Every structure is written in C-alpha cells, then in structure tokens.
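272 is the number that this note's numbering gives to position 263 of the first sequence; each next residue is one higher, with no gaps.
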Amino acid sequence: MIKAITGTKDIFAPEVKRWHYLENLVKRIFENFNYNEIRTPVFEETALFARGIGESTDIVSKEMYTFVDRGDTSLTLKPEMTAAVVRAALEHSFDKQQNLNKLYYISPMFRQERPQAGRFRQFHQFGAEALGSESPALDAEMIIIAHDIIAELGLKNFKVKINSLGIPASRENYKAKLKEYLEPHFDKLSDDSKKRFNSNILRIFDSKDETDQKVMKDAPLLIEHLDDESLIHFDEVKKYLMSANVNFEIDPKLVRGLDYYTHTTFEIISDSVGSQSALCGGGRYNKLAAEIGDRDIPGVGFAAGIERILLACENENAFQLEEDSIDVYVVRIDKDLNQKAYQSAYQLRKLGLLTEVDYLSRSVKAQMREANKLNSKYVIMIGGDEFQKGNFLLKNMKTSEQEELSINNLEKVYTRIRG
RNA sequence: GUGGGCGUAGCUCAGUUGGUUAGAGCGUCUGGUUGUGGCCCAGAAGGUCGUGGGUUCAAUUCCCAUCGCUCACCCCA
Numbered sequence: 010m011i012k013a014i015t016g017t018k019d020i021f022a023p024e025v026k027r028w029h030y031l032e033n034l035v036k037r038i039f040e041n042f043n044y045n046e047i048r049t050p051v052f053e054e055t056a057l058f059a060r061g062i063g064e065s066t067d068i069v070s071k072e073m074y075t076f077v078d079r080g081d082t083s084l085t086l087k088p089e090m091t092a093a094v095v096r097a098a099l100e101h102s103f104d105k106q107q108n109l110n111k112l113y114y115i116s117p118m119f120r121q122e123r124p125q126a127g128r129f130r131q132f133h134q135f136g137a138e139a140l141g142s143e144s145p146a147l148d149a150e151m152i153i154i155a156h157d158i159i160a161e162l163g164l165k166n167f168k169v170k171i172n173s174l175g176i177p178a179s180r181e182n183y184k185a186k187l188k189e190y191l192e193p194h195f196d197k198l199s200d201d202s203k204k205r206f207n208s209n210i211l212r213i214f215d216s217k218d219e220t221d222q223k224v225m226k227d228a229p230l231l232i233e234h235l236d237d238e239s240l241i242h243f244d245e246v247k248k249y250l251m252s253a254n255v256n257f258e259i260d261p262k263l264v265r266g267l268d269y270y271t272h273t274t275f276e277i278i279s280d281s282v283g284s285q286s287a288l289c290g291g292g293r294y295n296k297l298a299a300e301i302g303d304r305d306i307p308g309v310g311f312a313a314g315i316e317r318i319l320l321a322c323e324n325e326n327a328f329q330l331e332e333d334s335i336d337v338y339v340v341r342i343d344k345d346l347n348q349k350a351y352q353s354a355y356q357l358r359k360l361g362l363l364t365e366v367d368y369l370s371r372s373v374k375a376q377m378r379e380a381n382k383l384n385s386k387y388v389i390m391i392g393g394d395e396f397q398k399g400n401f402l403l404k405n406m407k408t409s410e411q412e413e414l415s416i417n418n419l420e421k422v423y424t425r426i427r428g
C-alpha cells in the first residue's frame, strides 16, 4: 500500500475546518494592515536559496529538497519564503513601481528533517515581508501583526522575544570580541559548539549543552557592542511595541540561524507545542536583496508555522468551532422518485440552502438517521400520499413538527429556515 | 545523521506467564411491522495481530532483521 511520504500529512475534515478558521483570521488581519497576498512557485532555482539564506546554514547545507530537472537545472522546493518574495520583487521591479510593498503569504514549505512534534517535511507558514523601508515602525509592525494573530486565536501561553543584531559592521566587530573571549575555553565546548565556533559563532548562545551555557554566561553580549545607529533603531522598535501594548522581552541571546538578518530579530515562543517552541520568527534583512539581485531593497518580515500554532491551539483549547450542521436533508420515500428528490435538492441548493440528499437508495429510516447524523435543521420528505396531491412534507428536526407544502413552492423552505 | 518508545478491526485500545473459532468501546450496515431521526435493544460485516526470517510439536505472544509511526538531539516554523 502506498502511503504519504514521511513527514507529510493529509489534512481533511474535521481538522481542515480549523485550518480554514486560522487562514481566514490571518487574511483578515493582514488585509486590515493593507498587505497584499503574493503567491510564488513551490520551486525555485537552487542558487536563490543558496545565496539568499546562506551556504553555511543548516537549511541550505542539509535540509533542502533539491533535484535536477530534465534541462539539467538544479531546482529546490522552497524551504522558506523570504528569498522567493525578494526574488519576485526584484524580478518585477516592485521597488521601482512604489516605494513600499507590503506582502503576505500562506504557503507550504519543504525541509528534509526528521519529523517530530511540531515539525514536518512539508509544513505550512503564513508570513509577511515589507520591502522598501528601513523604518523601525515596520520592524514593530511585523511583531504586532504576528502577536495579534496569535492572541486573536486565543493563545495565552506565549512570549514575544526580541533582539538586535545591529548593522553588519558592528556585528563583525563583536564577533571578533566573542572569538577572543571563547578561545581560552575552546576545549571545554561541546562538539557542536566547536563547529559553530567557525561556522556561526553567535549560535553558541543557543546551545542546550550545560557546560556551553556555563561558558557563555560571562560572554560579552552583542547588544552591549552595538553602534549608535543600531541602538537608536532598536530603541524605536521598542517604543512602537510599547505604544501598541505588545508585551515583549529582550533576549540578548536570541540569535537566528539565517544569515541575512540585520537589526531586529524576534521570535514568539510557546510551551504548548513540545520541544519545538518557536511559533514564529522573523527580523530585518537590509542586505538580502543585494545578495540575490543587482540592488539593495531594505526589508523586514516574519514567518509563522501553521502546524505549530494549530497544535498549540489544540493543547490550550484556544478556540472552539461550532458543530457542523446542514439546513435540509431530502428524504425520498418512494424508490422511483430519485430524480425528483435530486431535482428538489438542487433547487434548494440554488436557493442558498446547505442541502444533502440520499445517493445510496437507502430506506426512509436510514435516510432519517443520516439526516440526524448530519445535524440537519430540517428534512423534506418526497413521496407517498402527499406527493400524489402535489405536496411534500417539511419536518423541523428540533421540534419534530411537520407541515405539508406544495411541491412547486420549495421557496417556502427557505423562508422557514432563514426567516 | 544519532538515540528512546511503539506497531492487534475504519478509530481508541484490551489480551495471550506460547496452546484449539483473537476481544471491547466507538464508528459502519441491517432490523425493532406497512413512509420518519435522536435514546434504547437485537443482529451483521470488518483483522495474513506491520513485514520477513528463526526457535518450538505449537508463536499475535520469545529471538533477530526490516519497514513504518512517534518522541527527543541537531536545527528551525
């Protein structure tokens, strides 16, 4: 038997209703903030991600679904959206048409990792990118939107963490200082951190290893070595957040794994998912466009994991959907009236009623059981004496009241149900 | 890539200190009088006990391998 690929999932009722609920809420909030949806292809040239995300990152070095097509081009299923959105902006010269472009997306992503709670190989993100402005108001806006979506879903158990990586020059200075500090302790570091020492030294702060953490406790912090420009930017972001009443904490050790970040980085974390605590993450990337294109476009954005958020919602019982129901079930009494029953159902559907009818030639009792199972508000019964008189029965399933109506007057069903 | 746990009906799970026709609840289907649901009752369908091999008179139960699921590490959403 052929099964779905490891780390992928079929999503169907009733679960899919929760997805609809989240997607609708996400769209509503993005559109309130005047973001436009962008849809990009599921695959891109491999070089886009290699250059955009960074060769040394885990995503590029070991997690991408990469394959060669029949024209010998190396393609990759998108592992994240930012590089693709920036590519589209450059390709279509969004930046030349208007100064600021505010874009959002809801899309599947692909990374070849071992699946676990809150982590899949095909997973889904919603997110946004604002291109064309260096304003700290937009850094804050990303955090505010992400916060509002998560809060409106009803989640309680989450924290907003922010940090600044500053401009590249001050970060390089700082890295040198950190290296200086760590050199004498190098032998004590875990094997993973020894590798990080060369590839991405900042990430040693993220280590869960105890001795690593002990070593890092007294390490110099980036935030204490930021230049004035970076500090002012960070300060502004904090002010915007405070004026929006978004609670946040500054985490000087928040270092994100993607190469392109400058200035603000942030995460929203939750304990309700398992060990994968990040519900969403993002930051500013003023140097990304130049990496993959011919010109700079400052940008800021975030991405949020839909599976993780829905899992957190489930564990926190964050929102409750109404029980499914239908308006009318059409019961066919006489076996030879299938056509008439189906035609009546169609008319009711055209009137805008959520209608179901029997397709299995089942007994009246079985049809009634089905109507009940579907939580039908009303049932109409077609056949028998009433049909001979040109009528049908309309039954209210809640009160069990029945009335006889003319078969030519199905509109009456609509007025009974919708008033 | 590394490590732990688990694989029995559509779903959630019992069970066998190895021994004849493998169970429950839910779900599905049929019926409880002639054309009417919910509750209740009766009955039915549905399982190569993940797969392959080994030990044994006998294995779903023990052993090995393999595949799958799951959780965790790394990293990330």
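Even for Gly, the Cβ is constructed at its ideal location relative to N, Cα and C.
As the structure is a computational prediction, the values presented were derived from the model and not from experiment.
The Cβ neighbour count for residue 279, taken over all protein chains shown within 10 Å, is at least 16; the residue is labelled buried. The stretch 100-148 is shown to contain whole alpha helix (DSSP H) runs of 4 or more residues at 103-106, in chain order.
Collapsing the DSSP output to three states places residue 296 in coil. Among the bridge pairs identified by DSSP, residue 390 is matched with 340 and 402. Close CB contacts of residue 238 within its chain, under the 7 Å cut and outside five residues either way in sequence, are with 176 (chain order). Between the C-alpha atoms of residue 393 and residue 29 there is a straight-line separation of about 42 Å.
Annotated as proximal: residue 172 and residue 260, with beta-carbon spacing under 7 Å. A Cβ-Cβ separation of about 5 Å places residue 110 in contact with residue 140 under the 8 Å criterion. The three-state reading of DSSP puts residue 191 in helix, counting H, G and I together. Approximately 18 Å separates the beta-carbon atoms of residue 39 and residue 169; this is outside 8 Å, ruling out the contact. Under the DSSP assignment, residue 273 falls in the beta strand (DSSP E) whose first and last residues are 271-279.
Residue pairing by DSSP puts residue 169 in a beta bridge opposite 277. In the DSSP assignment, residue 312 falls outside any alpha helix (DSSP H) and lies within the beta strand (DSSP E) extending over 308-314. Here residue 58 is near residue 92, since their CB atoms are less than 7 Å apart. In the DSSP assignment, residue 245 falls within the unbroken alpha helix (DSSP H) covering 237-252.
Here the C-alpha atom of residue 415 lies approximately 6 Å from the C-alpha atom of residue 399. Look at residue 21 here: in three-state DSSP terms it is coil, with no helix or strand label. Partner residues in a beta bridge of residue 410, as assigned by DSSP, do not exist. In this structure, the straight-line span from the alpha carbon of residue 297 to that of residue 363 is close to 49 Å. Contact check for residue 60 and residue 301: beta-carbon distance about 5 Å, within the 8 Å limit, so the pair qualifies. As the crow flies, the alpha-carbon of residue 45 is around 19 Å from that of residue 51.
In the same chain as residue 88, and ignoring 5 residues on each side of it, the C-beta atoms closer than 7 Å to its own belong to 58, 68, 72, 73, 118, 119 and 120, in chain order. In the structure shown, residue 259 falls within a strand segment according to DSSP collapsed to helix, strand and coil.
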